[in-house]
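> Below you will find the structure I want to go over with you.
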Amino acid sequence: MPPVTWYLYVSAALFALGLFGIMTRRNAIAMLMSIELMLNAANINLVAFSGYLRGHTLVGQIFALFVIAIAAAESAVGLAIIINVYRTVKHIDADDINLMKW
Amino acid sequence: MSLSITGYQIAFITIAAMTVGSAVMVVTLPNILRSALFLAFTFLGVAGLYVLANAELLAAMQVLIYVGAITVLIMFALVLTQQLMGAKIRQSSRGWLLAAPAAALMFAFLLKGFIEPFNKAASGAVAAGPAPADAGTLVSIAKLLLQPYVLPFELASLILLAALVGAIVIAKEDKE
Chain A
1 MPPVTWYLYV SAALFALGLF GIMTRRNAIA MLMSIELMLN AANINLVAFS GYLRGHTLVG
61 QIFALFVIAI AAAESAVGLA IIINVYRTVK HIDADDINLM KW
Chain B
103 MSLSITGYQI AFITIAAMTV GSAVMVVTLP NILRSALFLA FTFLGVAGLY VLANAELLAA
163 MQVLIYVGAI TVLIMFALVL TQQLMGAKIR QSSRGWLLAA PAAALMFAFL LKGFIEPFNK
223 AASGAVAAGP APADAGTLVS IAKLLLQPYV LPFELASLIL LAALVGAIVI AKEDKE
């Protein structure tokens, strides 16, 4: 198993890239993809620490499993909302969606 | 830490390079469909990292759920919102000047504030002992999930059911 800090470097890079994607993308689906990148970065951290803690309790892996489940639910609902928004305003440019503003 | 590079480390560097490289593509490519394909590569790379961390079950789940389900879901959404699929419409380039330094700052913060202190504190203290033979296997995780963590496990299934019903209701076309 490689040193735990290597995992942390990869995870930090993925998280920063996801942040960059969220800030630059206009397409709502692309923003959702960036969020998935950041969730994966968090999962890498959890799994890496799980393998290195004393006793190998596997708690980190269990937590990562729950994160994956919640992420699946999140992306399903998020994409459904995006499709509904597309039907209403005929685009999914996150800058120009202001249906709930008054 | 010894200076000799083992096969594990070579594999890690290769997979990590693939993961981060395709993540860069995901956030920068102008064609959104291509960046969705690169997202699948990123997910596969993360699954490879899980395998190297002795988390085989999680790697399988990653391939099944992320590569199999979420990528396909994103593809479907892209096809259904077809106008934005082509390269004609600008997908990004909003606030590069602000976003790039912010992301770099975040990366630097994670390195300086989180990884470096951990590196100092952990040298020797958290030396990875030999993993028990059943660590990360299906049996040991199943025992944990169905004994101490059975309540969150059931709650997760409830959330998935609620999300399923909610997604159908939200995305359903109004007939009237």
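As given, the protein sequences belong to chains A and B, one line each in that order. For the record, in the first sequence the residue sitting at position 85 is 85 according to our numbering, with numbers rising by one throughout. Numbers given in our numbering equal positions in the second sequence, counted from 1, plus 102. Idealized CB from N, CA, C, for every residue including glycine.
From G268(B) to I82(A), what distance separates their C-alpha atoms?
Indexing the second sequence from 1 puts residue 268(B) at position 166. Indexing the first sequence from 1 puts residue 82(A) at position 82. G268(B) and I82(A): Cα-Cα distance of roughly 13 angstroms.
> Assuming L175(B) and L79(A) are in contact, meaning their beta carbons sit under 8 angstroms apart, how far apart are those beta carbons, in whole angstroms?
Within the second sequence, the letter at position 73 stands for residue 175(B). Within the first sequence, the letter at position 79 stands for residue 79(A). Confirmed, about 6 angstroms.
> Between which two residues does the alpha helix (DSSP H) harbouring Y7(A) extend?
Along the first sequence, one-based indexing puts residue 7(A) at 7. Note, Y7(A): alpha helix (DSSP H), V4 to T24.
> Pull up the distance between the alpha-carbon of M208(B) and that of L263(B), whole angstroms please.
Counting from 1 along the second sequence, the entry for residue 208(B) is found at position 106. Counting from 1 along the second sequence, the entry for residue 263(B) is found at position 161. Taking the straight line from one Cα to the other gives about 35 angstroms.
> Applying the criterion that 16 or more other CB atoms from any shown protein chain within 10 Å of the CB defines a buried residue, is A189(B) buried or exposed?
As a position in the second sequence, residue 189(B) is number 87, starting the count at 1. For A189(B), the pLDDT reaches just 49, beneath the cut-off of 50, and the residue's location in the model is therefore unreliable, leaving the point undetermined.
> How many angstroms separate the CA atom of I243(B) from the CA atom of Y7(A)?
Taking the second sequence and counting its residues from 1, one reaches residue 243(B) at position 141. Taking the first sequence and counting its residues from 1, one reaches residue 7(A) at position 7. If I take the Cα positions, the gap works out to 22 angstroms.
> Distance cutoff 8 angstroms, beta carbons only. Does M100(A) sit that close to anything in chain B?
Counting from 1 along the first sequence, the entry for residue 100(A) is found at position 100. Not one chain B Cβ lies under 8 angstroms of M100(A).
> State the CB to CB distance for the pair I272(B) and I29(A), rounded to an integer number of angstroms; the pair is presumed to be in contact (CB under 8 angstroms).
Counting from one through the second sequence, the residue named residue 272(B) turns up at place 170. Counting from one through the first sequence, the residue named residue 29(A) turns up at place 29. Contact flag wrong, Cβ pair sits at about 15 angstroms.
> Can you pull the chain A neighbours of Q111(B), defined as C-beta to C-beta under 7 angstroms?
Reading the second sequence from its first residue, position 9 is the one you call residue 111(B). Simply P2.
> Is the Cβ of A189(B) closer than 8 angstroms to any Cβ of chain A?
Counting from one through the second sequence, the residue named residue 189(B) turns up at place 87. Confidence at A189(B) is low in this model, with a pLDDT of 49, below 50, so its placement is unreliable and the value that follows should be read with caution. Not one chain A Cβ lies under 8 angstroms of A189(B).
> How do the region 201–215 of chain B and the region 11–27 of chain A stand: do at least 3 beta-carbon pairs fall below 8 angstroms, yes or no?
Because the criterion of three Cβ pairs below 8 angstroms is met, the region 201–215 of chain B and the region 11–27 of chain A touch.
> Tell me, to the nearest whole angstrom, how far the beta carbon of P219(B) is from that of F66(A); I am working on the premise that it is less than 8 angstroms.
Here residue 219(B) is taken as the residue at index 117 of the second sequence, counted from 1. Here residue 66(A) is taken as the residue at index 66 of the first sequence, counted from 1. No, P219(B) and F66(A) are not in contact; Cβ-Cβ is about 27 angstroms, not under 8 angstroms.
> Do P2(A) and Y168(B) have their C-beta atoms closer together than 8 angstroms?
Position 2 of the first sequence holds residue 2(A). Position 66 of the second sequence holds residue 168(B). No. Outside cutoff.
> Identify the contact partners of I81(A) in chain B, using a Cβ-Cβ distance below 7 angstroms as the criterion.
Numbered from 1 along the first sequence, position 81 holds the residue referred to as residue 81(A). Near I81(A) (Cβ distances below 7 angstroms), the residues of chain B are I272.
> Mind checking the region 40–57 of chain A against chain B and listing, in chain order, the residues whose C-beta falls within less than 8 angstroms of any C-beta there?
Within the region 40–57 of chain A, the qualifying residues are N40, N43, I44, V47, A48, S50, G51, Y52, L53, R54 and H56.
> Kindly indicate if chain A contains any beta-carbon less than 8 angstroms away from that of M163(B).
Residue numbering aside, residue 163(B) sits at position 61 when the second sequence is read from its first letter. True, the Cβ-Cβ gap to chain A drops below 8 angstroms.
> Count the other CB atoms within 10 Å of the CB of M100(A); is the residue buried (16 or more) or exposed (fewer)?
For the purposes of this step, residue 100(A) is taken as the residue at position 100 of the first sequence. It counts as exposed.
> If I follow the unbroken alpha helix (DSSP H) through M177(B), where does it start and stop?
Here residue 177(B) refers to the residue found at position 75 when the second sequence is read from its first residue. Per DSSP, M177(B) belongs to the alpha helix (DSSP H) from T173 to L182.
> Closest by CA to G170(B), which one among L131(B), N156(B) and T144(B)?
Taking the second sequence and counting its residues from 1, one reaches residue 170(B) at position 68. Of the listed residues, the one whose Cα sits closest to G170(B) is T144(B).
> With three or more beta-carbon pairs closer than 8 angstroms as the criterion, would you say the region 45–52 of chain A touches the region 116–128 of chain B?
The region 45–52 of chain A is not in contact with the region 116–128 of chain B.
> Does chain B have any CB closer than 8 angstroms to the CB of I35(A)?
Walking along the first sequence from the start, residue 35(A) turns up at place 35. Not an interface residue.
> Determine, for T24(A), whether the minimum Cβ-Cβ distance to residues of chain B falls below 8 angstroms.
Here the question's residue 24(A) lines up with position 24 in the first sequence. Yes, its Cβ sits closer than 8 angstroms to a Cβ of chain B.
> For a quick check, are the C-beta atoms of T183(B) and Y86(A) less than 8 angstroms apart?
Translated into positions along the second sequence, residue 183(B) becomes position 81. Translated into positions along the first sequence, residue 86(A) becomes position 86. In contact: T183(B) and Y86(A) (Cβ atoms closer than 8 angstroms).
> Using only alpha-carbon positions, find the residue among V4(A), A13(A), T24(A) and A42(A) that is nearest to L200(B).
For the purposes of this step, residue 200(B) is taken as the residue at position 98 of the second sequence. It is T24(A) whose Cα lies nearest to the Cα of L200(B).
> Under 7 angstroms Cβ-Cβ, which residues of chain C neighbour A125(B)?
Absent from the structure: chain C. Protein chains present are A and B.
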